[in-house]
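Student:
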Amino acid sequence: MSTSQAESARRLVLEAGGTDRQYWLDLWRYRELFFILAWRDVAVRYKQTVIGIAWAFLRPFLTMVVFTVVFGRIAKLPSEAGAPYAVMVFAGLLPWTLFSSVLGDAAASVVGNGQLVSKVYFPRMVIPLATMVVALIDFLVSLVILAALMLWYAVIPGWQILLLPVFVVLTLLAALGPAMWLAAMIVKFRDFRFVVPFVIQVGLYVSPVGFSATLVPEEWKLLYNLNPLVGIIDGFRWCILGGDSPIYLPGFALSMAVLGVLLWWGTRSFRRTERSFADLI
Amino acid sequence: MPDTVIRAEGLGKRYLIGHRVHREGIFGEVVMRGARNVWRKGIDLLRGQSVIEGDVIEEFWALRDVNFTIRQGEVIGVIGHNGAGKTTLLKILSRIVEPTEGRVEITGRVASLLEVGTGFHPELTGRENIFLNGAILGMSQREVRARMDEIIDFSGIEKFLDTPVKRYSVGMYARLAFAVAAHLETEVLFVDEVLAVGDAEFQARCLNRMSKVANAGRTVLFVSHNMAAVSALTRRALVFRGGALSFDGPIQDAVAHYAESLSRMSVERDWGRGTNATLLEASILNADGHPSDRYEPGTPLRLRVVIETTGMPGMSLDVVLRDEHNLPIAYYSSSIFSAISLPSVGGRYVCTLALAPYFLASGQYCFDLMTNYNKYHGDHRVDNAVRFTVELCSPGGIPFDFSQSLGQGTQAMRLSAPLLFEPVPESAGGEALRG
């Protein structure tokens, strides 16, 4: 086998502070482990539950109902571009749920897999990456609800819907950056375990999930876009509501820049502490 | 050298460990200490250092200045006491932890087995766990699938393969876990104490498998406490003591070196201190009154102990004798059995206990020593303080060595009166049985 010969020719040097130049190659080599861990999380997720995968339908659906009633009926906030409030809320809820579950699961994942980390070598980044798959599958289930909602309200998407996958990837990346930083921090300081649920709870209200970002006064708009979720949720609504809710471009650019910085920062701090994970866990 | 597979140079690993100095205290002190600890941890957090629990932080070298070279196809045993650095070495070699100093070069595809069943998920079935565990150990799915039948066969639990492993017994779990591990085929393999699972038959199968692996020309590093297994599987061994490589050579010499260091360890170890009476040193005395590590069965067992006491009245000196499995087999307490306390004038004393003769089976023994206050309240305790060996036990000069390894106990019982066989009358015996 040529692959094993190539590997056997490979010489590994282990020393203090030695940066592993082959890290990204290693990450690629361990892709099977990524799939297996992801498969494990998916297989185990709804074991010993009564309604199983129906939870993936129920949770976002009920949240949507509550938000529509609270924000749309009681607070009487306006929707975007005349779209039904429920559809607008759900278009915001989709990326938010994806973001928050990736953030929560990935941040806790390294400590949660402490048994593996202290007994076997593999690029540790495999762990937070694998947790994304579970969230992604729940997301796909929610898409079915979205389709049903759009049918019900007779909302017809435009060509923009084809760009939805791009925004899905952006959502994952937006969650991954902070999640990796938090995962590394939780290994060192368990205090951060208590920070994550709080951030998610607050994030739901500071992001335009239950309401439209157009409600934010013009002069604050750019500042508001410092939250990368603002740009992403805008993007989702643009895709789903068929371009009637235009993306505020300078704000979107800012959101993406913040996303990029967070991703870079998260990867960097994860890579830096990763080598001592087994000592700390 | 082209066939060098592993080369370690000046390898060292340092840990910072925290101690809790004060166990109890008045409320105010506890609060103050808590506040100090929070302050210290807060500063650690700001500096980005990790949090260490405890009042006092100490540096600890789990491994220091270790050098060795291993060539292609060698099978090496790694032996040493608990905490000698064996597992740390394996963890460094298998890239789980990073060395603090020095470097290692490894050529070839590496796999390590620090534990069997790593990553097993209780909710998944046996078959699913084979895939999961295989992937975690570094096998490709193709490899696992190709060896699936062998693995199932080796585990011997075919019937339960589609049951979640949380329903397995401990033995079944271990069998399945080892079956996966045993089919790991890489050029370099590191194995930690993993044979200590399953029943005797399964262990024998594992050893068999290990020796097959060892003979297949692969490089194996094998950590074990089981000297018989190490001697059978390897030709060369590394002996570790206190984080340093203390011997590197042929397996027979290594085992001898290890046994010797085991007996020396008691002297070199820090015994700590007691509050009122501290044990300083101890040894067995031979017939001439010189310190020794041998005991001749059937002679008085003389134990010399040096004690420092504050003069506290009512202190007792107690000893527990343990066999080679570290099981307690005998006990003596000066205050309980002889109503004797340590001297009530402070100072250092040499105390010689002459215990009545025993016919101890040949093998290893050790004494735990302790000073107690008021019969039961422990003051200073040193476990495995004195080790000694009985080389031959042949009560009455019989041509037979009664050894601990026979599994028939640690003492040869002796008759106190001649052994008699008196005939029982036929009828009377029958009556008695029926009654």
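So the sequences go chain by chain: A and B. The numbers in the working numbering rise by one with no breaks, and the one at position 176 of the first sequence is 176. So the working numbering is basically just the index in the second sequence, starting at one, shifted up by 1000. By construction, the Cβ of each residue, glycine as well, lies at the ideal position given by its N, Cα and C atoms. Remember, it's a predicted structure, so these values are computed and weren't measured experimentally.
1) For a contact meaning CB atoms closer than 9 Å, what does Leu1114(B) contact in chain A?
2) Would you say Glu1105(B) reaches chain A, if we count a Cβ-Cβ gap shorter than 8 Å as a contact?
3) Counting only runs that start and end within the segment 11 to 55 of chain A, where is the beta strand (DSSP E) found for 3 or more residues in a row?
4) Please identify the residue among Pro1313(B), Pro1291(B), Thr1310(B) whose C-alpha is closest to the C-alpha of Leu1303(B).
5) Using DSSP with H/G/I as helix, E/B as strand and the rest coil, what is Gly266(A)?
6) At least one CB of chain A closer than 8 Å to the CB of Val1097(B): is that the case?
7) What do you get for Glu1128(B), buried or exposed, if any count of 16 or more other CB atoms within 10 angstroms of its CB means buried?
8) Taking Cβ to Cβ, would you say Leu1011(B) is nearer than 8 Å to Leu1063(B)?
9) Assuming contact is defined by CB atoms lying nearer than 8 Å, are Ile1251(B) and Leu1279(B) in contact in what I supplied?
10) Quick one, which residues of the segment 1399 to 1416 of chain B are near chain A if we go by CB-CB under 9 Å, in chain order?
11) What are the partner residues of Val1320(B), as DSSP defines its beta bridges?
12) With 9 Å as the limit, tell me which residues of the segment 86 to 111 of chain A have their beta carbon closer than that to any beta carbon of chain B; keep them in chain order.
13) I believe Val1424(B) touches Tyr1295(B) by the beta-carbon criterion, under 8 Å. Please report the beta-carbon distance rounded to the nearest angstrom.
14) If you measure between the beta carbons of Leu1136(B) and Leu12(A), is that distance less than 8 Å?
15) Pick from Gly1156(B), Gly1363(B), Glu1193(B): whose alpha carbon is nearest that of Val1116(B)?
16) Check whether the Cβ atoms of Val102(A) and Leu37(A) lie closer than 8 Å to each other.
17) Give the DSSP-derived three-state secondary structure of Pro95(A) in the structure shown.
18) Quick check on DSSP: helix, strand or coil for Glu1185(B)?
19) If we ignore side chains and look at the alpha-carbon of each, how far apart do Arg1007(B) and Val230(A) end up?
20) Between Gly104(A), Pro128(A), Phe99(A), which lies nearest to Asn113(A) when the distance is taken from Cα to Cα?
21) Taking 8 Å as the CB-CB cut-off, is Thr1004(B) touching chain A?
22) Leu1301(B) and Tyr1358(B) - do their beta-carbons sit closer together than 8 Å?
23) So, for Val110(A): in the same chain, excluding its five sequence neighbours on each side, which residues have a beta-carbon less than 8 Å away from its beta-carbon?
24) Counting beta carbon pairs with one atom in the segment 1363 to 1375 of chain B and one in the segment 1311 to 1325 of chain B, are three or more of them shorter than 8 Å?
25) So, is Glu1348(B) buried or exposed, given that buried needs 16 or more other C-beta atoms within 10 angstroms?
26) Would you call the segment 1068 to 1077 of chain B in contact with the segment 1219 to 1227 of chain B, where contact means no fewer than 3 C-beta pairs closer than 8 Å?
27) Decide yes or no for the touch test of the segment 74 to 82 of chain A against the segment 92 to 100 of chain A: beta carbon pairs closer than 8 Å, at least 3 of them.
28) Starting from Val117(A), trace the alpha helix (DSSP H) in both directions and tell me its first and last residue.
29) May I ask you to list, following chain order, the residues of the segment 1145 to 1179 of chain B that have a beta carbon less than 9 Å from some beta carbon of chain A?
30) Name, please, each residue of chain A whose Cβ falls closer than 9 Å to the Cβ of His1380(B).
31) Within the continuous beta strand (DSSP E) that includes Tyr1168(B), where are the two ends?
32) Can you give the beta carbon distance from Gln1141(B) to Phe1154(B), rounded, assuming they're within the 8 Å contact cut?
33) Using 10 angstroms around the beta-carbon of Gln1404(B), count the other beta-carbons present and answer buried if the total reaches 16, otherwise exposed.
34) Would you mind working out which of Val1066(B), Glu1098(B), Ser1338(B), Pro1343(B) sits nearest Gly1242(B), comparing C-alpha positions?
35) What residue from Asp1383(B), Trp1271(B), Val1239(B), Cys1366(B) has the CA that sits closest to His1081(B)'s CA?
36) I need the boundaries of the alpha helix (DSSP H) containing Thr1378(B), first residue and last residue.
Tutor: Let me spell this out:
1) On the second sequence, residue 1114(B) is found 114 positions in, with the first residue counted as 1. Around Leu1114(B), the beta-carbon contacts reaching into chain A at under 9 Å are Ser118, Lys119, Val120.
2) Position 105 of the second sequence holds residue 1105(B). Yes - at least one Cβ of chain A is within 8 Å of the one on Glu1105(B).
3) Those beta strand (DSSP E) runs which fall completely within the segment 11 to 55 of chain A and span 3+ residues are 11 to 15.
4) The residue labelled residue 1303(B) in the question sits at position 303 within the second sequence. For Leu1303(B), the closest C-alpha among the options Pro1313(B), Pro1291(B), Thr1310(B) is that of Pro1291(B).
5) Within the first sequence, the letter at position 266 stands for residue 266(A). Looking at Gly266(A) - three-state DSSP - the assignment turns out to be helix.
6) In the second sequence, the residue the question calls residue 1097(B) occupies position 97. At least one C-beta of chain A is nearer than 8 Å to the C-beta of Val1097(B).
7) Counting from 1 along the second sequence, the entry for residue 1128(B) is found at position 128. So Glu1128(B) ends up on the buried side.
8) Taking the first residue of the second sequence as position 1, residue 1011(B) is located at position 11. Taking the first residue of the second sequence as position 1, residue 1063(B) is located at position 63. With respect to the 8 Å criterion, Leu1011(B) and Leu1063(B) are classified as neighbours on the basis of their beta carbons.
9) Taking the second sequence and counting its residues from 1, the one referred to as residue 1251(B) is at position 251. Taking the second sequence and counting its residues from 1, the one referred to as residue 1279(B) is at position 279. Cβ distance not < 8 Å, so Ile1251(B) and Leu1279(B) don't count as in contact.
10) For the segment 1399 to 1416 of chain B, no residue has a beta-carbon sitting nearer than 9 Å to a beta-carbon of chain A.
11) Within the second sequence, numbered from 1, the residue matching residue 1320(B) stands at position 320. The secondary-structure analysis by DSSP pairs Val1320(B) across a beta bridge with Tyr1331(B), Asp1368(B).
12) So the list is empty, because no residue satisfies the distance condition.
13) As a first step, residue 1424(B) must be located in the second sequence, where it is residue number 424. As a first step, residue 1295(B) must be located in the second sequence, where it is residue number 295. Not a contact, Cβ separation roughly 42 Å.
14) Taking the first residue of the second sequence as 1, we reach residue 1136(B) at position 136. Taking the first residue of the first sequence as 1, we reach residue 12(A) at position 12. Per the sequence shown, residue 1136(B) should be read as Ile rather than Leu. No; because the gap between Cβ atoms is not below 8 Å, this pair is not in contact.
15) Locating residue 1116(B) in the second sequence gives position 116, where the first residue counts as 1. Nearest to Val1116(B) by alpha-carbon distance, out of Gly1156(B), Gly1363(B), Glu1193(B), is Glu1193(B).
16) The count along the first sequence starts at 1 and reaches residue 102(A) at position 102. The count along the first sequence starts at 1 and reaches residue 37(A) at position 37. No, the pair does not count as a contact, with Cβ atoms beyond the cut-off.
17) Indexing the first sequence from 1 puts residue 95(A) at position 95. Correct three-state label for Pro95(A): helix.
18) In the second sequence, the residue the question calls residue 1185(B) occupies position 185. In this structure, Glu1185(B) counts as coil in the three-state DSSP scheme.
19) Along the second sequence, one-based indexing puts residue 1007(B) at 7. Along the first sequence, one-based indexing puts residue 230(A) at 230. Distance between the alpha carbons of Arg1007(B) and Val230(A): 54 Å.
20) In the first sequence, the residue the question calls residue 113(A) occupies position 113. The residue with the shortest Cα to Cα distance from Asn113(A) is Pro128(A).
21) Indexing the second sequence from 1 puts residue 1004(B) at position 4. By this cut-off, Thr1004(B) is not an interface position.
22) Here residue 1358(B) refers to the residue found at position 358 of the second sequence. Here residue 1301(B) refers to the residue found at position 301 of the second sequence. Yes, the Cβ-Cβ distance between Tyr1358(B) and Leu1301(B) is below 8 Å.
23) Along the first sequence, one-based indexing puts residue 110(A) at 110. Excluding residues within five positions, the ones whose Cβ falls inside 8 Å are Val117, Arg124, Ile127, Pro128, Ala183, Ala184, Ile186, Val187, Phe277, Ile281.
24) In short, these stretches touch, since the Cβ pair count reaches three.
25) Counted from its first residue, the second sequence places residue 1348(B) at position 348. It is worth fixing the name first, because residue 1348(B) is Arg in this sequence and not Glu. It is exposed - the Cβ of Arg1348(B) has fewer than 16 other Cβ atoms within 10 Å.
26) Result yes; three or more Cβ-Cβ pairs closer than 8 Å.
27) No: the two stretches stay apart, fewer than three of their Cβ pairs being nearer than 8 Å.
28) By one-based count along the first sequence, residue 117(A) stands at place 117. Element bounds for Val117(A): 114 to 117.
29) Cβ contacts with chain A: Pro1164.
30) Reading the second sequence from its first residue, position 380 is the one you call residue 1380(B). Under a criterion of Cβ atoms nearer than 9 Å, no residue of chain A is adjacent to His1380(B); the nearest Cβ is some 33 Å distant.
31) In the second sequence, counting from the first residue as 1, residue 1168(B) sits at position 168. Here Tyr1168(B) belongs to no beta strand (DSSP E), and DSSP marks it neither H nor E.
32) Numbered from 1 along the second sequence, position 141 holds the residue referred to as residue 1141(B). Numbered from 1 along the second sequence, position 154 holds the residue referred to as residue 1154(B). For a cut-off of 8 Å, the C-beta gap from Gln1141(B) to Phe1154(B) is around 19 Å, too long to register as a contact.
33) Counting from one through the second sequence, the residue named residue 1404(B) turns up at place 404. With 16 or more other Cβ atoms from the protein chains shown falling within 10 Å of its own Cβ, Gln1404(B) counts as buried.
34) Stepping through the second sequence from its first residue, residue 1242(B) is reached at position 242. The shortest Cα separation from Gly1242(B) among Val1066(B), Glu1098(B), Ser1338(B), Pro1343(B) belongs to Val1066(B).
35) In the second sequence, residue 1081(B) corresponds to position 81, counting from 1. Sorting Asp1383(B), Trp1271(B), Val1239(B), Cys1366(B) by C-alpha distance to the C-alpha of His1081(B) places Val1239(B) at the top.
36) As a working note, residue 1378(B) is residue 378 in the second sequence. In the sequence on display, residue 1378(B) carries Gly and not Thr. Where Gly1378(B) is concerned, there is no enclosing alpha helix (DSSP H), although the beta strand (DSSP E) it sits in stretches over 1377 to 1390.
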